[in-house]
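Numbering-wise (the working numbering), the sequence shown opens with residue 26 and increments by one.
Here the structure is laid out as structure tokens; the discussion comes afterwards.
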Amino acid sequence: MSTFVKNAWYVAAWSSEVGRHLLSRTILGEQVVLYRCEDGTPAALVDRCPHKLAPLSLGELKGDHVQCGYHGMTFDGSGVCVRIPGQQNIPPTARARSFPLIEKYNAVWIWMGDPELADTTTVIDVPHYGDAGWGLVDGQYLHFKTNYLNITDNLVDPAHTSYVHKKTIGNAAGEDVGVKVEQGDSHVLAWRWINDAPPVPLVATMANFAGKVDRWQYYYLHLPSTSYVDFGSIDAGLEPTEANKDGGFRSYSFNFLTPETESTTHYFWLHLRNYHPDDALVSDDVARLMTLTFEEDAVLLDYVQREQERTGVREYTRLGIDNAPARIRKMIERLQAKEAVSPAVHVLHPVSGATQPSTV
Ligand code: FES
Ligand SMILES: [Fe+2]
């Protein structure tokens, strides 16, 4: 059974990846071809010619049109067929599905579900993006060989940092500190403070704390799969006001998970920080250390996926720290159930040519 939620905005690519060429990418199990029109507008079509199902990405970009590399059928950016070589008649089945897109935060976001529901105002807000005083690292990507829900589990689970990330963003001081959970309509927050403890390795490298620190971890997961982590440190004992946190060492780590298949995930990420905001060398260090951190998750979750596939079991033992991950999975199931009963959209069936109801 599919674990995907279709009616949501997902990062399809960083803006820099989409240009005057045909970029093929699998998103939610579907083949998509992305390109940019001559005026710079991005376009996305199903990467499959309605004639013999040849990948359109193997064809050619001609102006704003894609020409299939097999027999030359040509489509515009909305998927309308504008030319069939050797015939005047363009049958109604000669159409490639197109996908709504919006470009924001240097990324091209795609809507794989019902286009009628694609409200561009619902792309998640990234606070401090572009603000002076906040350093940005973006354009980052990792490929995870695991189902995206194994990653959402991980991204509302601050407890794992003491073990998986002891070389980067965790240390032993957090081992026995409980995690609190809050739930909103479309997000879950797992958080905790670890007080009067040595700074974690990444903070020790980047900041100049004289002694021990109070450290916060706020892990937000917005449905279906956008995570942001507000984490930082202040001098131990300092009152934990927002002003003091902004005056300390603070980062916002955004992780945009786009399911590729049921067992692989595109992991796009960006990072905002309040320390040395304009220092390119610090940005390089952040990119390197955060990549190292996420690769620590990737290695582990690859094994988890393989064991899930081998055993057919997701978890044997439920722990207290699984409260937030379990809530996310329940909320995802509810979204899927809602999509399953939502009014069907009529699309042209590519094989028979008949108009058939579909929820995609
Ligand atoms: S497969 Fe594309 S035109 Fe024939
Ligand atoms: Fe992690």
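The beta carbon of each residue, even a glycine, is placed where N, CA and C say it ideally should be.
* From V105 to D178, what distance separates their C-alpha atoms? -> To locate residue 105, count along the sequence shown from 1; it is residue 80. To locate residue 178, count along the sequence shown from 1; it is residue 153. Taken atom to atom, the span from the alpha-carbon of V105 to that of D178 is near 40 Å.
* By C-beta, the residues closer than 5 Å to any heavy atom of ligand 1, given in chain order -> Selection output, chain order preserved: C74, H76, K77, A79, C93, Y95, H96 and M98.
* Based on Cα-Cα distance, which residue from K87, P75, Y35 and V148 lies nearest to P116? -> Locating residue 116 in the sequence shown gives position 91, counting from the first residue. Residue P75 is the option with its Cα nearest to P116.
* Asked: Which one of T230, V151 and Y60 has the shortest CA to CA distance from F124?
  -> Numbered from 1 along the sequence shown, position 99 holds the residue referred to as residue 124. When only C-alpha atoms are compared, the closest one is Y60.
* Asked: Can you tell which of A37, N280, G236 and I127 has the C-alpha that lies nearest to the C-alpha of D144?
  -> Position 119 of the sequence shown, counting from 1, holds the residue named residue 144. Here the closest residue by C-alpha is I127.
* Cβ-heavy atom distance, N196 to ligand 2, below 7 Å -> Counting from 1 along the sequence shown, the entry for residue 196 is found at position 171. False, no ligand heavy atom lies under 7 Å from that Cβ.
* Asked: For ligand 2, is there a heavy atom less than 7 Å away from the beta-carbon of H190?
  -> Against the sequence shown, residue 190 aligns to sequence position 165. H190: yes, Cβ under 7 Å from ligand 2.
* **Residue span of the alpha helix (DSSP H) that contains K270, given as start and end** => The residue you call residue 270 lines up with position 245 of the sequence shown. Counting along the chain, the alpha helix (DSSP H) containing K270 begins and ends at E267 to G272.
* Asked: Going by the beta-carbon positions, is the gap between V254 and Y244 smaller than 8 Å?
  -> Locating residue 254 in the sequence shown gives position 229, where the first residue counts as 1. Locating residue 244 in the sequence shown gives position 219, where the first residue counts as 1. One thing to note: V254 has its Cβ within 8 Å of the Cβ of Y244.
* To do: Output the distance between the C-alpha atoms of E42 and Q165, rounded to the nearest integer angstrom.
  => Within the sequence shown, numbered from 1, the residue matching residue 42 stands at position 17. Within the sequence shown, numbered from 1, the residue matching residue 165 stands at position 140. Near 11 Å, if we compare the C-alpha coordinates of Q165 and E42.
* Asked: So which of G262, T283, N269 and W294 has the shortest CA-CA distance to Y277?
  -> Residue mapping note: residue 277 aligns to position 252 of the sequence shown, counting from 1. Per the Cα distances, W294.
* Asked: Would V213 pass as a contact of A362 if the rule is Cβ separation under 8 Å?
  -> In the sequence shown, counting from the first residue as 1, residue 213 sits at position 188. In the sequence shown, counting from the first residue as 1, residue 362 sits at position 337. Result no, Cβ atoms of V213 and A362 do not sit closer than 8 Å.
* Candidates F100, W134 and A132, of which the one nearest A119 by Cα -> Locating residue 119 in the sequence shown gives position 94, counting from the first residue. The shortest Cα separation from A119 among F100, W134 and A132 belongs to F100.
* To do: Kindly identify the DSSP beta-bridge partner or partners of C106.
  => Walking along the sequence shown from the start, residue 106 turns up at place 81. Looking at the DSSP output, C106 sits in a beta bridge with F100.
* How many Å lie between L161 and T316 at the Cα? -> Position 136 of the sequence shown, counting from 1, holds the residue named residue 161. Position 291 of the sequence shown, counting from 1, holds the residue named residue 316. Straight-line Cα distance between these residues: approximately 15 Å.
* Closer than 7 Å: is that where the CB of T290 sits relative to any heavy atom of ligand 2? -> As a first step, residue 290 is located in the sequence shown; it is residue number 265 there, counting from the start. False, no ligand heavy atom lies under 7 Å from that Cβ.
* Please classify V43: does DSSP put it in a helix, a strand, or coil? => Along the sequence shown, read from residue 1 onward, the residue named residue 43 stands at position 18. Secondary structure at V43: coil, using DSSP grouped into helix, strand and coil.
* To do: Provide the residue span of the alpha helix (DSSP H) that contains P67, from first to last.
  => Counting from 1 along the sequence shown, the entry for residue 67 is found at position 42. Run containing P67: none in the alpha helix (DSSP H); it sits in the beta strand (DSSP E), P67 to V71.
* Decide if the segment 258 to 271 is in contact with the segment 185 to 202; the criterion is three or more beta carbon pairs, one per stretch, under 8 Å apart. => Too few Cβ pairs lie closer than 8 Å, so no.
* Terminal residues of the alpha helix (DSSP H) in which R331 lies -> Locating residue 331 in the sequence shown gives position 306, where the first residue counts as 1. R331 -> alpha helix (DSSP H) spans A305 to T336.
* In angstroms, rounded to a whole number, what distance separates the CA positions of D210 and L48? -> On the sequence shown, position 185 is the one that residue 210 refers to. On the sequence shown, position 23 is the one that residue 48 refers to. If you take the alpha carbons of D210 and L48, they lie about 35 Å apart.
* Asked: Should G178 be counted as a contact of ligand 2 given a C-beta to heavy atom distance under 7 Å?
  -> Residue mapping note: residue 178 aligns to position 153 of the sequence shown, counting from 1. Note on residue identity: the sequence assigns Asp, not Gly, to residue 178. No; taking the cut-off as 7 Å, the Cβ of D178 has no heavy atom of ligand 2 nearer than that.
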